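Enquirer: What follows is a single structure, and I will ask about it in a moment.
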Amino acid sequence: MSSRRSRSRRPSNSSRITEEQIVELVSKLQDLLPEARSRTSDSASASRVLQDTCNYIRDLQQEVDDLSERLTDLLATTDMTSAQAAIIRSLLM
Amino acid sequence: MASTPSSSSSPSPSQPKARKKPGQTTSPPPPPQTKWRTGTQERLYSRRLVDALQATRDRAQPPESVGSRAVKEAADSALAMTARGQSRWSRAILFNRNSCRKRVLVKAGGKIRRNRRKHQAIPPATEEAGTTSGVLKERKVKERLKKLGRIVPGCKKLPAATLLEEAADYVAALEMQVRTMRALAEALSAAAVSVPEEEEMEIAEQGS
């Protein structure tokens, strides 16, 4: 479609997102990632950051799955009232 | 707990009755790290999680066989509710759970048009965009953005800036979820170990 080419030549304020905005968001995302803290975080390419983000989110979701399984087993064997007491105790500490 | 007037950096007070309008507010939202790492959010989420888990257990079939998938869904729903509807992914999670009428809700969310997919399609020739905007028009970046959009719930067709914001919020929220669930699992397993001992002590006292 010809409209794609015209969009890249003609910046219209309503739909065009600033490049700086994107770069800022990417660096903000990068700060959240655990790997970025050990590496010199400047000038990491956006595609790398996005790739790391995808992997990190996937890892986190996998951890949530594992923890859910563990909680399922624990739930089956524990009585809820003592569990609540334990939780409140651990939260206050 | 008394509600204090919120400054710009603190998260919104936890009042379930007073719901502010999500989206276009005048003050900028707090960055994801500070928002999701406060103790308040963790406690709020833990309580909600425990309630959800208990409800799941009561709702389950009498043999009390709660599947791990049900636990995960309860955890995700609790997480989405803790986000207070301020992020798209949380709304997407909640709406997907409650009903399958996604199309109605997508339209109600506004500004998401199904026919606009062509505008976000990848242009095959990127040589001409070499001098204009740098990062955003690269093919690799666009592929990865699409992949990210598939992973974060409810973000398949968002523009890049919004998607990045949602992803940052989602990452921070997931981290909190993992932390809280792990703490809960630790507390439960500690309780499971100590409860039999307490019972034995009680029986011993009653016996003598």
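Chains as they are written, first to last, in my numbering: chain Z, 2 to 94; chain H, 310 to 517.
Built from N, CA and C at the ideal position, the CB exists for glycine as well.
Predicted model, so just to flag it, every value in this text is computed and none were measured.
1. Using Cβ-Cβ distances below 8 angstroms, what residues of the segment 51 to 64 of chain Z are close to chain H?
2. Looking at the unbroken alpha helix (DSSP H) that takes in residue 369 (chain H), where does it start and where does it end?
3. Using beta-carbon positions only, say whether residue 354 (chain H) and residue 471 (chain H) come within less than 8 angstroms of one another.
4. Quick one: using the 10 Å Cβ neighbour count with 16 as the cut-off for buried, is residue 425 (chain H) buried or exposed?
5. Does residue 70 (chain Z) get closer than 8 angstroms to chain H when you measure Cβ to Cβ?
6. Please report the straight-line C-alpha distance between residue 69 (chain Z) and residue 473 (chain H), rounded to a whole angstrom.
7. Excluding the five sequence neighbours on either side, which residues of its own chain have a C-beta within less than 7 angstroms of the C-beta of residue 457 (chain H), listed in chain order?
8. Along chain Z, in chain order, which residues have C-beta atoms closer than 8 angstroms to that of residue 392 (chain H)?
9. How would you call residue 386 (chain H), buried or exposed, if buried means at least 16 neighbouring beta carbons within 10 angstroms?
10. Could you name the residues of chain Z that residue 376 (chain H) contacts, counting a contact when the two beta carbons are closer than 8 angstroms?
11. With a threshold of 16 other CB atoms inside 10 Å of the CB of residue 500 (chain H), please say whether the residue is buried or exposed.
12. So, residue 358 (chain H) versus residue 493 (chain H), is the Cβ gap smaller than 8 angstroms?
13. Helix, strand or coil: which one does DSSP assign to residue 395 (chain H)?
14. So, with DSSP's three-state summary, where would you put residue 381 (chain H)?
15. Just the Cα atoms here: how many angstroms apart are residue 428 (chain H) and residue 467 (chain H)?
Expert: Taking the geometry as given:
1. So the close ones are 51, 52, 54, 55, 57, 58, 59, 61, 62 and 64.
2. Along the second sequence, read from residue 1 onward, the residue named residue 369 (chain H) stands at position 60. Element bounds for residue 369 (chain H): n/a, residue is neither H nor E.
3. Locating residue 354 (chain H) in the second sequence gives position 45, where the first residue counts as 1. Locating residue 471 (chain H) in the second sequence gives position 162, where the first residue counts as 1. No, these two residues do not count as a Cβ contact at 8 angstroms.
4. As a first step, residue 425 (chain H) must be located in the second sequence, where it is residue number 116. With a pLDDT of only 45 at residue 425 (chain H), under 50, the local geometry of the prediction cannot be trusted, and no value is derived from it.
5. Within the first sequence, the letter at position 69 stands for residue 70 (chain Z). Judged by the 8 angstroms Cβ criterion, residue 70 (chain Z) is in contact with chain H.
6. Within the first sequence, residue 69 (chain Z) is the residue found at index 68, counting from 1. Within the second sequence, residue 473 (chain H) is the residue found at index 164, counting from 1. So the two alpha carbons sit approximately 27 angstroms from each other.
7. Here residue 457 (chain H) refers to the residue found at position 148 of the second sequence. If you ignore the 5 residues before and after residue 457 (chain H), its C-beta comes within less than 7 angstroms of the C-beta of 472 and 476, all in its own chain and listed in chain order.
8. Position 83 of the second sequence holds residue 392 (chain H). Those within 8 angstroms of residue 392 (chain H) in chain Z number zero; the least Cβ separation is about 15 angstroms.
9. As a first step, residue 386 (chain H) must be located in the second sequence, where it is residue number 77. Burial call: buried.
10. Indexing the second sequence from 1 puts residue 376 (chain H) at position 67. Per Cβ cutoff of 8 angstroms: 73.
11. Here residue 500 (chain H) refers to the residue found at position 191 when the second sequence is read from its first residue. Buried, because 16 or more other Cβ atoms sit within 10 Å of the Cβ of residue 500 (chain H).
12. Counting from 1 along the second sequence, the entry for residue 358 (chain H) is found at position 49. Counting from 1 along the second sequence, the entry for residue 493 (chain H) is found at position 184. Result yes, Cβ atoms of residue 358 (chain H) and residue 493 (chain H) sit closer than 8 angstroms.
13. What you label residue 395 (chain H) is simply residue 86 of the second sequence in a count that begins at 1. Residue 395 (chain H): coil per DSSP, three-state reduction.
14. Counting from 1 along the second sequence, the entry for residue 381 (chain H) is found at position 72. Looking at residue 381 (chain H) - three-state DSSP - the assignment turns out to be helix.
15. Sequence index remark: in the second sequence, residue 428 (chain H) carries index 119 (1-based). Sequence index remark: in the second sequence, residue 467 (chain H) carries index 158 (1-based). For residue 428 (chain H), the predicted model reports a pLDDT of 46, less than 50, meaning its position is unreliable and no value from the coordinates is stated.
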